[in-house]
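The block underneath contains the structure these notes are about, expressed in structure tokens.
Residue numbers (my numbering): 2 to 371.
So, in structure tokens, the structure goes:
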């Protein structure tokens with residue numbers, strides 16, 4: 002095992018694996034690292050390893066040869082291992098020469114070691130179990146842990162590939178779209194009489210707005226009734242339809258939200274793959290949401306975003322650039338990085354953000370009055 006700040010790429014690489022077993026947002030922020038590896042090794046076959054269900058988000062990228070999706074199985078350790086064997090055999094058969102693991106956990110480390118690749122690289126993890134770092138041949142020593150705040154979350158993974166002499170000219174995530182998925186989403190919108198293009202009602206701005214009010218963690222959510230007010234205001238003030246997006250498990254809540262409005266809010270939560278969600282967000286004039294996967298995907302397909310942050314730190318993870326804006330609480334305790342106030346699962350800092358503050362953010366930056 003070699004620990005340092007600069008390495009050389011091995012010669013004549015045929016197959017390379019990049020592992021990112023984080024959440025959807027982590028995968029989006031890793032796009033510049035994926036693409037840098039592809040550009041630096043044009044003669045190699047580049048494969049990705051991600052969590053189950055995330056692969057469709059990346060499959061339109063022509064530089065990626067293949068995508069492996071790993072899933073968690075129920076049962077004891079023996080049962081889980083037995084069900085993983087066919088998957089593990091498929092990975093081993095590829096005979097990778099180089100593996101990059103873009104996270105600091107043990108699962109990716111074990112997968113990297115299992116490939117049998119002679120070169121296995123990652124970031125040195127000081128807080129990981131002792132055996133994790135030993136599963137790699139090359140470890141990049143982290144010299145600046147505040148790098149995300151200054152340059153965006155993509156720097157967390159770019160610094161790994163960069164230390165192998167790989168150029169990283171692009172630091173902003175750019176997501177490739179499937180033309181088939183775009184056409185499918187246009188058809189889905191047309192079926193609901195929603196215009197993906199053209200002029201809105203009463204001579205208003207073109208298109209529609211997407212909204213993501215849900216998160217895997219309730220402590221990141223803004224009160225749902227305020228989304229009804231935002232959708233009603235967008236319809237009344239601009240003639241814009243709002244489209245709800247989210248996971249399948251959020252569809253029932255989205256339906257309840259739709260019932261509180263009258264013809265200005267439509268529900269597509271749970272009706273798309275991640276690749277189709279990216280296509281839908283690319284057709285949207287603006288995306289407004291809480292700290293979840295959708296704002297990251299929207300930014301990566303070029304759609305302006307407004308993201309509402311509470312206890313999590315927007316300086317670490319929010320999309321960067323003039324097209325993107327955050328709305329935060331003015332409470333002194335925010336961001337606190339906690340999962341709700343006093344263990345309640347609720348965040349007063351989010352509850353403290355009024356509808357008017359979000360309306361002003363939309364109005365001033367993206368939708369000036371006619």
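Backbone N, C-alpha and C fix where the C-beta goes; we use that ideal spot for every residue, glycine too.
To the nearest angstrom, how far is it from the Cα of residue i to the Cα of residue j?
| i | j | result |
| --- | --- | --- |
| residue 162 | residue 192 | 44 Å |
| residue 43 | residue 77 | 42 Å |
| residue 56 | residue 19 | 13 Å |
| residue 249 | residue 270 | 6 Å |
| residue 99 | residue 154 | 24 Å |
| residue 341 | residue 95 | 44 Å |
| residue 381 | residue 223 | In this structure the chain extends from 2 to 371, so residue 381 is not present and cannot be described. |
| residue 126 | residue 240 | 51 Å |
| residue 256 | residue 268 | 7 Å |
| residue 65 | residue 48 | 6 Å |
| residue 358 | residue 209 | 21 Å |
| residue 170 | residue 156 | 12 Å |
| residue 131 | residue 107 | 10 Å |
Would you mind working out which of the options sits nearest residue i, comparing C-alpha positions?
| i | options | result |
| --- | --- | --- |
| residue 363 | 92, 247, 211 | 211 |
| residue 367 | 342, 334, 327 | 327 |
| residue 182 | 214, 272, 352 | 272 |
| residue 186 | 107, 36, 284 | 284 |
| residue 10 | 72, 101, 80, 63 | 101 |
| residue 88 | 122, 52, 60, 103 | 52 |
| residue 31 | 336, 320, 351, 348 | 320 |
| residue 122 | 105, 129, 254 | 105 |
| residue 372 | 240, 48, 242, 216 | The question about residue 372 has no answer, for the chain in this structure spans 2 to 371. |
| residue 260 | 128, 244, 229, 243 | 229 |
| residue 236 | 263, 254, 348 | 263 |
| residue 313 | 323, 254, 348, 307 | 348 |
| residue 135 | 156, 365, 110 | 110 |
Skipping 5 residues on each side, what residues in its chain have a beta carbon closer than 8 Å to that of residue i?
| i | result |
| --- | --- |
| residue 298 | 25, 29, 58, 176, 275, 278, 279, 282 |
| residue 360 | 231, 234 |
| residue 295 | 211, 213, 246, 247, 278, 282, 288 |
| residue 84 | 74, 76 |
May I ask you to report which of helix, strand or coil DSSP gives residue i?
| i | result |
| --- | --- |
| residue 17 | strand |
| residue 158 | helix |
| residue 142 | coil |
| residue 184 | helix |
| residue 177 | coil |
| residue 212 | strand |
| residue 3 | strand |
| residue 165 | coil |
| residue 28 | helix |
| residue 121 | strand |
| residue 101 | strand |
| residue 109 | helix |
| residue 191 | helix |
| residue 12 | coil |
| residue 95 | coil |
Near residue i, which residues of its chain fall below 7 Å by C-beta distance, leaving aside the five closest residues on each side in sequence?
| i | result |
| --- | --- |
| residue 164 | 6, 7, 8, 141 |
| residue 225 | 214, 258 |
| residue 86 | none |
| residue 117 | 93 |
| residue 61 | 177, 178, 179, 276 |
| residue 218 | 340 |
Under 6 Å Cβ to Cβ from residue i, same chain only, skipping five residues before and after it: list those, please.
| i | result |
| --- | --- |
| residue 167 | 37, 41 |
| residue 318 | 154 |
| residue 350 | 311, 330, 332, 335 |
| residue 221 | 291, 292 |
| residue 354 | 330 |
Should residue i be flagged as near chain E, meaning a C-beta pair shorter than 8 Å?
| i | result |
| --- | --- |
| residue 239 | In the structure shown, chain E does not exist; there is a single protein chain. |
message: Just to confirm the assignment: which complete alpha helix (DSSP H) runs, minimum length 4, are found wholly within the region 214-295?
response: 225-239, 252-259, 275-284
field: Runs of beta strand (DSSP E) wholly within the region 35-85 (minimum 3 residues, chain order)
entry: 46-52, 67-71
task: Let me know the alpha helix (DSSP H) ranges lying completely inside the region 295-341, each 4 residues or longer, listed in chain order.
output: If only uninterrupted alpha helix (DSSP H) runs of at least 4 residues are considered, those enclosed by the region 295-341 are 315-318.
Inside the region 345-369 only - alpha helix (DSSP H) runs reaching at least 4 residues: Runs found: 349-352, 356-366.
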